[in-house]
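Per the numbering used here, the very first residue in the sequence shown carries number 1; after that it's consecutive.
In what follows, a structure is listed as structure tokens, so that the remarks can point back to it.
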Amino acid sequence: MQQIWLTIILGVTAILAAWSLKVAREWDRVVILRLGKFRRMAGPGLFFIIPIIDEAPIWIDMRIRTTFFAAEKTLTKDNVPVNVDAVMFWVVDDPMKAALEVEEYQKAVFWAAQTTLRDMIGKTELYAMLAGREHIDEELKVMIDARTHSWGVSVRSVEIRDVMIPDELQDAMSREAQAERERRARVILGTAELEIADKFAQAATRYHNNPEAFSLRAMNILYEGIKEKASLVIVPSNMVNSLNPGSILGYVSKMEDKESGD
Numbered sequence: 001m002q003q004i005w006l007t008i009i010l011g012v013t014a015i016l017a018a019w020s021l022k023v024a025r026e027w028d029r030v031v032i033l034r035l036g037k038f039r040r041m042a043g044p045g046l047f048f049i050i051p052i053i054d055e056a057p058i059w060i061d062m063r064i065r066t067t068f069f070a071a072e073k074t075l076t077k078d079n080v081p082v083n084v085d086a087v088m089f090w091v092v093d094d095p096m097k098a099a100l101e102v103e104e105y106q107k108a109v110f111w112a113a114q115t116t117l118r119d120m121i122g123k124t125e126l127y128a129m130l131a132g133r134e135h136i137d138e139e140l141k142v143m144i145d146a147r148t149h150s151w152g153v154s155v156r157s158v159e160i161r162d163v164m165i166p167d168e169l170q171d172a173m174s175r176e177a178q179a180e181r182e183r184r185a186r187v188i189l190g191t192a193e194l195e196i197a198d199k200f201a202q203a204a205t206r207y208h209n210n211p212e213a214f215s216l217r218a219m220n221i222l223y224e225g226i227k228e229k230a231s232l233v234i235v236p237s238n239m240v241n242s243l244n245p246g247s248i249l250g251y252v253s254k255m256e257d258k259e260s261g262d
């Protein structure tokens with residue numbers, strides 16, 4: 001009979017010991033309640049609780065987590081409906097606050113991020129949202145972190161993944177971008193035309209003061225045209241007279257003598 005009772009006692013002791021012995025992983029923190037009141041935080045590693053009196057109802061992961069959230073058909077400051085997808089990286093800094101200050105801290109973080117994103121969209125114009133994502137990411141991080149700080153949660157970063165606008169607005173923006181590119185091309189072309197016109201004006205002034213050089217230039221143009229086209233070019237008689245080959249040859253000889261003298 002005594003052996004039976006000893007066996008029962010040993011069995012109950014073993015069960016209570018197994019019940020009281022817990023192991024928390026490296027990234028886990030455990031809330032210990034005694035008779036319903038907060039007693040302490042445990043983990044990582046081995047820890048004990050008193051059966052029936054103590055309990056470990058909440059295990060909190062201390063690793064960085066990712067939460068995807070979105071805002072659908074939300075109006076920007078300039079009344080454009082957009083769908084925005086974003087991702088947030090966050091971590092629990094104070095596990096006691098995360099367990100005691102809010103019922104389900106993970107859901108609370110998600111809803112805080114989503115409502116903050118909607119508020120940000122309503123305060124931002126579409127162009128600023130498309131062109132200044134880095135600035136908006138930083139503002140979202142600061143605003144969400146301010147809401148979650150009292151829950152023991154720290155926001156590491158927020159990144160907007162995509163901003164989707166209506167198809168008809170995409171077409172309009174595409175046409176606007178094309179028109180802007182064409183405008184810039186025309187401005188560049190006009191600037192080049194002005195520079196070319198200035199060079200031509202300088203050349204005209206020099207040729208006006210030096211008729212022989214102008215005639216040589218005209219003959220060179222004819223020669224290049226014939227050489228390139230390999231065809232017959234008909235030149236009006238008055239143009240031939242204006243070229244005055246005799247004077248041109250004399251001018252060339254004079255220039256050669258001058259260069260040899262130098």
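For every residue, glycine included, the Cβ atom is placed at its ideal position computed from N, Cα and C.
Tell me which residue opens and which closes the beta strand (DSSP E) that residue i is part of.
i	result
residue 57	54-61
residue 29	28-34
Is it right to say residue i is buried, meaning 16 or more other beta carbons lie within 10 angstroms of its own, or is it exposed?
i	result
residue 32	buried
residue 187	exposed
residue 7	exposed
residue 113	buried
residue 36	exposed
residue 23	exposed
residue 10	exposed
residue 189	exposed
residue 191	exposed
residue 51	exposed
residue 259	Because residue 259 sits at a pLDDT of 48, beneath the cut-off of 50, its placement in the model cannot be relied upon, and the following sentence gives the value as read from the coordinates. Counting Cβ neighbours within 10 Å, residue 259 comes out exposed, since fewer than 16 surround it.
residue 109	buried
residue 99	buried
Given residue i, which residues of its chain have a CB within under 7 Å of its CB, disregarding the five upstream and five downstream residues?
i	result
residue 164	82 and 83
residue 256	For residue 256, the predicted structure reports a pLDDT of 47, less than 50, and the residue's modelled location is therefore unreliable. A value from the coordinates is still provided. Answer for residue 256: no residue qualifies.
residue 295	Here the chain comprises residues numbered 1 to 262, so residue 295 is not present and cannot be evaluated.
residue 53	34 and 35
residue 166	81
Given residue i, which residues of its chain have a CB within under 6 Å of its CB, disregarding the five upstream and five downstream residues?
i	result
residue 85	70, 161 and 162
residue 145	155
residue 19	51
residue 133	160
What is the residue span of the alpha helix (DSSP H) that residue i lies within?
i	result
residue 151	Per DSSP, residue 151 belongs to no alpha helix (DSSP H) and is neither H nor E.
residue 130	126-131
Round the Cβ separation of residue i and residue j to the nearest angstrom and send it over; I've been treating them as touching at under 8 Å.
i	j	result
residue 76	residue 124	6 Å
residue 158	residue 130	About 17 Å separates the two Cβ atoms, so there is no contact after all.
residue 67	residue 88	5 Å
Looking only at its own chain, which residues have a Cβ that is under 8 Å from the Cβ of residue i, when we skip the five neighbours before and after it?
i	result
residue 93	152, 153 and 154
residue 150	97 and 101
residue 30	22, 24, 41, 42, 43, 47, 56, 58, 59 and 60
residue 62	27, 28, 29, 91, 92 and 95
residue 121	71, 74, 75, 76, 82, 84 and 129
| message | So within the segment 39-112, which uninterrupted beta strand (DSSP E) runs reach at least 3 residues, ignoring any that extend past its ends? | response | 45-48, 54-61, 65-75 and 81-92
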